[in-house]
Amino acid sequence: MRTASALAGPLIIAVVAVLFVTGLLGQVMDYYHEFTAAVLRFAEWLLEEYGYVAVFVLPLLENTLFLGLFVPGALVILFAGLAIQQGILEWYYALPLAIGGSMIGDTLSYLLGRYGWVRLLGEKRADEIKERWRDKFIDNAPVVILLYHFLGYTRLVGPTAAGVLHIPFRRWAPLDYAGVTLWVLAFATVGFILGVIGFAIDDSEDNVRLFEYGIIAMVVVYIALKGWRNSRAQPAE
0 MRTASALAGP
10 LIIAVVAVLF
20 VTGLLGQVMD
30 YYHEFTAAVL
40 RFAEWLLEEY
50 GYVAVFVLPL
60 LENTLFLGLF
70 VPGALVILFA
80 GLAIQQGILE
90 WYYALPLAIG
100 GSMIGDTLSY
110 LLGRYGWVRL
120 LGEKRADEIK
130 ERWRDKFIDN
140 APVVILLYHF
150 LGYTRLVGPT
160 AAGVLHIPFR
170 RWAPLDYAGV
180 TLWVLAFATV
190 GFILGVIGFA
200 IDDSEDNVRL
210 FEYGIIAMVV
220 VYIALKGWRN
230 SRAQPAE
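In terms of numbering that gives the first Met the number 0, the sequence shown opens at residue 0 and continues consecutively.
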C-alpha cells in the first residue's frame with residue numbers, strides 16, 4: 000500500500016493538470032505571484048526595521064518547542080544571508096546572533112521536554128516512552144542530533160524528544176549546538192549565493208519572478224527526490 004508521502008508527487012501533478020484544463024491555473028499563479036511579493040515585502044520590512052533583533056529572536060522562537068510551526072525562523076536566516084550579501088547586515092553580527100538564538104531555543108525545548116513533559120504525559124506514560132525509545136535514540140544520537148535541524152520540522156521536536164528521553168545534557172548539547180551552527184551557516188550561505196546570482200530583498204517584478212521560479216524548482220526537486228526514494232524503498236518483486 001502506498002504511503003501518503005508516496006502519493007504527494009502524483010497528487011500535486013494531478014492538481015496542476017486539473018487547474019490547467021479548467022483554465023484556473025493562470026488565476027492560481029496570479030495569487031501565487033501576489034503571495035511571493037507580499038513575502039518579500041514583509042522580509043524587507045522585517046530586516047530593515049528590526050535587523051539583528053529579528054535575526055536573533057525569530058530563530059529562538061522557531062526552535063522553542065512547537066513555535067516553529069508559526070514563526071519562519073529558517074526563512075529569516077535565508078533572507079539574512081541575502082541581506083549580508085547586499086550589505087544590509089554584517090555577517091559578524093548576524094550569524095552569531097542567529098546561532099545564539101537557535102541554541103537558546105533548542106535549550107529551552109530540551110529543558111521543557113526533560114522537566115515539563117513528565118507532568119503533561121504523566122510519570123507512567125513518560126517512563127513507557129523512555130523505555131521504548133531511549134536506547135534507539137542513544138544508539139544513533141550523534142547522527143540524529145547533528146542532522147535533525149536539516150530534516151524539515153524534526154528540528155522542532157528533536158530537542159524536546161531528547162529531553163523527554165533524558166539524554167544527558169552534556170552529551171546532547173555539544174551535538175545539538177554543532178548541528179545548529181551548521182544549519183544556520185547552511186541557510187545563510189544559500190541566501191548569500193542567491194544574492195550573488197541576482198536575487199534581492201525587494202518586490203520588483205523581476206525579483207518576484209526569480210523567487211517564484213526558485214520555489215517552483217525546489218518543489219520539482221522535492222517531488223523527484225521523493226519519487227526516487229520511494230522507488231528504492233519498494234521491495235523488489
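From the three backbone atoms N, C-alpha and C, an ideal C-beta is built for every residue, glycine too.
Keep in mind the model is a prediction, meaning the values are calculated, not measured.
Residue i versus residue j: straight-line alpha-carbon distance, rounded
i      : j      : result
SER4   : LEU150 : Confidence at SER4 is low in this model, with a pLDDT of 48, below 50, so its placement is unreliable and the value that follows should be read with caution. So the two alpha carbons sit approximately 15 Å from each other.
VAL54  : LEU60  : 11 Å
VAL143 : THR35  : 33 Å
VAL163 : GLY72  : 24 Å
PHE168 : PHE186 : 26 Å
TRP44  : GLN26  : 27 Å
GLU33  : ALA223 : 27 Å
ASN139 : ARG170 : 12 Å
TYR31  : ILE196 : 23 Å
LEU46  : ALA172 : 30 Å
HIS165 : GLY115 : 12 Å
HIS148 : ALA216 : 22 Å
GLU48  : GLY86  : 15 Å
CB of residue i within 7 Å of CB of residue j, strictly
i      : j      : result
ILE200 : ALA97  : no
ILE82  : LEU88  : What sits at residue 82 in the sequence shown is Ala, not Ile. Yes. Within cutoff.
TYR51  : TYR91  : no
TYR109 : ALA161 : yes
ILE76  : VAL156 : no
ASP175 : ASP105 : yes
Cutoff 8 Å; reference residue i; Cβ partners in own chain excluding five residues on either side
i      : result
THR188 : GLY80
GLY190 : ILE76, LEU77, PHE78, ALA79, GLY80, LEU81, ALA82, ILE83, GLN84
Presumed contact (8 Å Cβ cut-off) between residue i and residue j, rounded CB distance
i      : j      : result
GLY178 : LEU146 : 7 Å
VAL56  : GLY100 : 6 Å
Sequence-distant residues of the same chain with beta carbon closer than 6 Å to residue i, five excluded per side
i      : result
VAL38  : none
ARG113 : GLY162
PHE103 : Contrary to the premise, residue 103 reads as Ile rather than Phe in this sequence. Taken in chain order, the residues that qualify are LEU59.
ARG1   : Note on ARG1: pLDDT 49, under 50, position unreliable in the model; the coordinate value appears next. Excluding sequence neighbours, ARG1 sits near nothing in its chain.
Sequence-distant residues of the same chain with beta carbon closer than 7 Å to residue i, five excluded per side
i      : result
THR180 : ILE98
PRO141 : LEU174
THR153 : TYR147
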